[in-house]
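This report concerns only the one structure given below.
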Amino acid sequence: MVIDRIKNRFKKVLNQRGDINAIGVLFVIFIIVIFIFGSIDIEGYMSTHKKLSQAADETIEIMKAEGGFDTSTREFFLDYCRKKGLDVSSITIEATPKLVQRGSDLEIRASTTYILKAFKPLGLGELIWPVHIKVEGLSRTYFREG
Numbered sequence: 002m003v004i005d006r007i008k009n010r011f012k013k014v015l016n017q018r019g020d021i022n023a024i025g026v027l028f029v030i031f032i033i034v035i036f037i038f039g040s041i042d043i044e045g046y047m048s049t050h051k052k053l054s055q056a057a058d059e060t061i062e063i064m065k066a067e068g069g070f071d072t073s074t075r076e077f078f079l080d081y082c083r084k085k086g087l088d089v090s091s092i093t094i095e096a097t098p099k100l101v102q103r104g105s106d107l108e109i110r111a112s113t114t115y116i117l118k119a120f121k122p123l124g125l126g127e128l129i130w131p132v133h134i135k136v137e138g139l140s141r142t143y144f145r146e147g
């Protein structure tokens, strides 16, 4: 019943040439399309954040076992990001260097950027959102001196 009234109203609006309501309907449709494209970009940002976070979580586990971060750990992190589909040329990473004794703090910070393209047709260009990740943990390995 309500749906029939809505259908009839849309038919009347579309049949009236030059009616101001048709412009309103087109404007509402335009706003809805912008929200749909914006939500797609927000999902892309969240996906990038999740992928970078997973890579940092996997890397911190290796750092806990090895007592810190070095070039092989960096390669593991970048390879993991590459497999997840991230652009490794835009990723920056800082971490606690090796050799950290058991019980000491370890930290990894990674960041990249996500480019929002949904608002480009509106003349806003490409908006850039930074994606920052920080993961902490404790070293598990004891290194003997000497």
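Just so you know, we're using this note's numbering here: the sequence shown kicks off at 2 and counts up by one. From the three backbone atoms N, C-alpha and C, an ideal C-beta is built for every residue, glycine too. Being a predicted model, the structure only gives us computed values, none of them experimental.
Let me know the secondary structure DSSP gives residue i once reduced to three states.
| i | result |
| --- | --- |
| D58 | helix |
| S112 | strand |
| K135 | strand |
| F120 | coil |
| L128 | strand |
Considering only residues of the same chain and omitting the five flanking positions on each side of residue i, which have a CB-CB separation below 6 Å?
| i | result |
| --- | --- |
| G39 | A119 |
| L79 | V89 |
| H133 | S112 |
| L87 | K52 |
| T49 | Y115, V132 |
Roughly how many angstroms separate the alpha carbons of residue i and residue j, rounded to a whole number?
| i | j | result |
| --- | --- | --- |
| K121 | D42 | 12 Å |
| K135 | T114 | 15 Å |
| I4 | V34 | 22 Å |
| T97 | I63 | 12 Å |
| I116 | D71 | 30 Å |
| K99 | F77 | 15 Å |
By Cβ distance, which residues of its chain are closer than 7 Å to residue i, with the 5 residues on each side in sequence left out?
| i | result |
| --- | --- |
| S140 | K65, G68, V101, Q102, R103, G104, S105, L107 |
Going by alpha carbons, who is nearest to residue i out of the options?
| i | options | result |
| --- | --- | --- |
| A56 | Y46, M2, R75, E44 | R75 |
| W130 | E62, E44, I109, E95 | E44 |
What residues in its chain sit with their C-beta under 8 Å from that of residue i, if we drop five residues either side in the sequence?
| i | result |
| --- | --- |
| I61 | L107, I109, V136, E137, G138 |
| L128 | I116, L117, F120 |
In chain order, each beta strand (DSSP E) run of at least 3 residues that lies wholly inside the segment 74-110:
Taking only runs of at least 3 residues, the beta strand (DSSP E) segments lying wholly in the segment 74-110 are 93-96.
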